[in-house]
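Here the structure is laid out as structure tokens; the discussion comes afterwards.
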Amino acid sequence: MNQREIHPTSPSHYTRWDIQPLDFIARNNLDFLRGNIIKYILRFDAKDGLQDLEKARTYLERLIEREKSKPDKGDNLNNMENENHGKSKGCYLHLQDARPFPRY
17 MNQREIHPTS PSHYTRWDIQ PLDFIARNNL DFLRGNIIKY ILRFDAKDGL
67 QDLEKARTYL ERLIEREKSK PDKGDNLNNM ENENHGKSKG CYLHLQDARP
117 FPRY
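Just so you know, we're using the working numbering here: the sequence shown kicks off at 17 and counts up by one.
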């Protein structure tokens, strides 16, 4: 066993990736639910198998419920049209208005 494998924050089921899940989660400022989903999915085949997938599903279900409870989630365009009797108050960009990105 090398030192990385016995270190409690760098177990072998995480160090096999180019970037450890903990580093990825921190660098991308992911919240608790997303971080645990990533952690359990990445380690399932090297650690606790189906138990890790079940844990990932638990966190995914909580994330889905959280997102469903937000008033602005879902199909926003359809929601706006339904709330406004078919008259959407959205903002649209027409292709003729689009400008190419500048080259640097």
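Beta carbons are placed, not taken as given, at the ideal position from N, Cα and C, and that holds for glycine.
For residue i, three-class secondary structure by DSSP
{"i": "K71", "result": "helix"}
{"i": "R32", "result": "coil"}
{"i": "N52", "result": "helix"}
{"i": "D61", "result": "coil"}
{"i": "K84", "result": "helix"}
{"i": "D39", "result": "helix"}
{"i": "L76", "result": "helix"}
{"i": "L46", "result": "coil"}
Proximity of residue i and residue j at Cβ, strictly below 8 angstroms
{"i": "I57", "j": "A72", "result": "yes"}
{"i": "I53", "j": "L79", "result": "yes"}
{"i": "A62", "j": "R32", "result": "yes"}
{"i": "L49", "j": "Y75", "result": "yes"}
Per-residue burial, residue i [other beta carbons within 10 Å of its own, 16 or more giving buried]
{"i": "D68", "result": "buried"}
{"i": "P37", "result": "buried"}
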